[in-house]
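Residue numbers for the sequence shown follow this note's numbering, so the first one is 4 and each next one is one higher.
Quick notes on the structure that follows.
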Amino acid sequence: MQHPRRLRHTHAMRRLVRETRLHPAQLILPVFVREGLTAPRDIPGLTGVKQYDLGSLPGVVNDALALGIGGVMLFGVPETRDATGSGSCAVDGILTRAVAIAAQTSGGNLVVMADVCLDEFTDHGHCGVLDAHGNVDNDETLAHYQKMATVLADAGVDVVGLSGMMDGQVAAVRRALDESGHINTAILAYAAKYASVMYGPFRNAVESTLTGDRRTYQQDPANRREARREVALDVTEGADIILVKPALTYLDVLTDTAASTDVPVGAYLVSGEHVMVEAGAAQGAFDREAAILETLTGLARAGAQLILTYWALEVALWLKDPS
Ligand code: PBG
Numbered sequence: 004m005q006h007p008r009r010l011r012h013t014h015a016m017r018r019l020v021r022e023t024r025l026h027p028a029q030l031i032l033p034v035f036v037r038e039g040l041t042a043p044r045d046i047p048g049l050t051g052v053k054q055y056d057l058g059s060l061p062g063v064v065n066d067a068l069a070l071g072i073g074g075v076m077l078f079g080v081p082e083t084r085d086a087t088g089s090g091s092c093a094v095d096g097i098l099t100r101a102v103a104i105a106a107q108t109s110g111g112n113l114v115v116m117a118d119v120c121l122d123e124f125t126d127h128g129h130c131g132v133l134d135a136h137g138n139v140d141n142d143e144t145l146a147h148y149q150k151m152a153t154v155l156a157d158a159g160v161d162v163v164g165l166s167g168m169m170d171g172q173v174a175a176v177r178r179a180l181d182e183s184g185h186i187n188t189a190i191l192a193y194a195a196k197y198a199s200v201m202y203g204p205f206r207n208a209v210e211s212t213l214t215g216d217r218r219t220y221q222q223d224p225a226n227r228r229e230a231r232r233e234v235a236l237d238v239t240e241g242a243d244i245i246l247v248k249p250a251l252t253y254l255d256v257l258t259d260t261a262a263s264t265d266v267p268v269g270a271y272l273v274s275g276e277h278v279m280v281e282a283g284a285a286q287g288a289f290d291r292e293a294a295i296l297e298t299l300t301g302l303a304r305a306g307a308q309l310i311l312t313y314w315a316l317e318v319a320l321w322l323k324d325p326s
């Protein structure tokens, strides 16, 4: 008789044969940096996550360094917005300044990433600029992403995160980076990003002004095969790392992506998913730490080599002393 239980009999045996292990180096912490603040403040609805001011940013980066996580992903929240999101490309803009501070603090010992997208900077809240009919203008937007990526690379960013879901964005940004001499600035492409309800708390975090939705550019949650097309396009265009987002209800897409590409693949455990677990734990439905570790382990098992999570620092602390 076969006895699979033999390998589960003791903790030591289970630990020996474990197939998936989380490590701090694979975790990326999203960090919101808000213009005009003088101290960190809580984000309504996004449990345990804060907006930071520029003065407190080095502290977060130092914590990340001390805990050995893989990187930080910076999001800028400006005080004022306009139709073209011009703050995104400003040399003294909030995100540009945050990148410079994070790069200096990290000293190259952790990967500094920044979001390249216009939604935090436009007064209409869309990820691109609008045409005369109010539609998001794909090609016009690409020119803005090129400029934004170049400015952030000048400020010292290691990786640009292209989250806007415009067609051709990877090729356009790669070209702009290469032409401006930034051949070592990597592109993390949100290749398969779905028009999900799970971004709700994030939109509070960046004080989004969006009315309506992003269904003309983000993917339909019903589509699995389409993600393969998006991923293949981004890899062909030069993506260095591919991201799937959200994570928990897209594990099939994550597994497909890991199988169909040979670049590193990551998953973003987004704000709504974070809050689901926090809310369940707060209600006593399950143990919080165990739920978080099971959630992230599930992502890794499904194919995520890298994980963006608001719990990155806390989990890294737990992993120092693994059970
Ligand atoms: C867009 C962007 C979004 C998130 C990260 N970058 C979402 C959106 O509004 O479409 C969501 C992240 C989260 O929910 O945690 N720049």
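Glycine included, C-beta positions come from ideal geometry on N, C-alpha and C.
Taking 8 angstroms as the cut-off, does the CB of residue i come closer than this to any heavy atom belonging to ligand 1?
i, result
"residue 53", "no"
"residue 148", "no"
"residue 172", "no"
"residue 120", "yes"
"residue 100", "no"
"residue 206", "yes"
"residue 33", "yes"
"residue 275", "yes"
"residue 37", "no"
"residue 221", "yes"
"residue 167", "yes"
"residue 16", "no"
"residue 130", "yes"
"residue 271", "yes"
"residue 279", "no"
"residue 289", "no"
"residue 213", "yes"
Assign residue i to buried or exposed, taking buried as 16 or more other Cβ atoms, counted over all protein chains shown, within 10 Å of its Cβ.
i, result
"residue 323", "exposed"
"residue 22", "exposed"
"residue 190", "buried"
"residue 310", "buried"
"residue 62", "exposed"
"residue 259", "buried"
"residue 237", "buried"
"residue 82", "exposed"
"residue 275", "buried"
"residue 297", "exposed"
"residue 125", "buried"
"residue 107", "exposed"
"residue 175", "buried"
For residue i, which beta-bridge partners are listed by DSSP?
i, result
"residue 195", "247"
"residue 309", "269"
"residue 55", "36"
"residue 44", "54"
"residue 139", "133"
"residue 118", "164"
"residue 30", "310"
"residue 125", "85"
Any Cβ of chain B within less than 9 angstroms of the Cβ of residue i?
i, result
"residue 86", "Although the question refers to chain B, the structure presented lacks it and comprises just one protein chain."
Which one of the options has the shortest CA to CA distance from residue i?
i, options, result
"residue 356", "61, 264, 57, 32", "Here the chain covers residues 4 to 326 and nothing more, so residue 356 does not appear."
"residue 119", "145, 268, 230, 104", "145"
"residue 185", "79, 157, 296", "157"
"residue 150", "133, 161, 123, 178", "178"
"residue 183", "154, 192, 204", "154"
"residue 152", "140, 141, 139, 166", "166"
"residue 112", "82, 72, 103, 138", "72"
"residue 305", "316, 250, 296, 139", "250"
"residue 254", "58, 241, 213, 299", "299"
"residue 84", "208, 123, 301, 44", "123"
"residue 248", "288, 102, 233, 42", "233"
"residue 195", "43, 261, 17", "261"
Start-end ranges of the alpha helix (DSSP H) lying completely within the segment 252–301, minimum 4 residues:
Fully enclosed alpha helix (DSSP H) runs of no fewer than 4 residues occupy 254–263, 274–285 of the segment 252–301, in order along the chain.
Of all the beta strand (DSSP E) runs that stay within the bounds of the segment 154–216, which reach a length of 3 or more residues?
Within the segment 154–216, the complete beta strand (DSSP E) segments of 3 residues or longer fall at 162–165, 189–196, listed in chain order.
Along the chain, which unbroken stretches of the beta strand (DSSP E) at least 3 residues long are found entirely within the segment 67–102?
Runs of the beta strand (DSSP E) inside the segment 67–102: 74–80.
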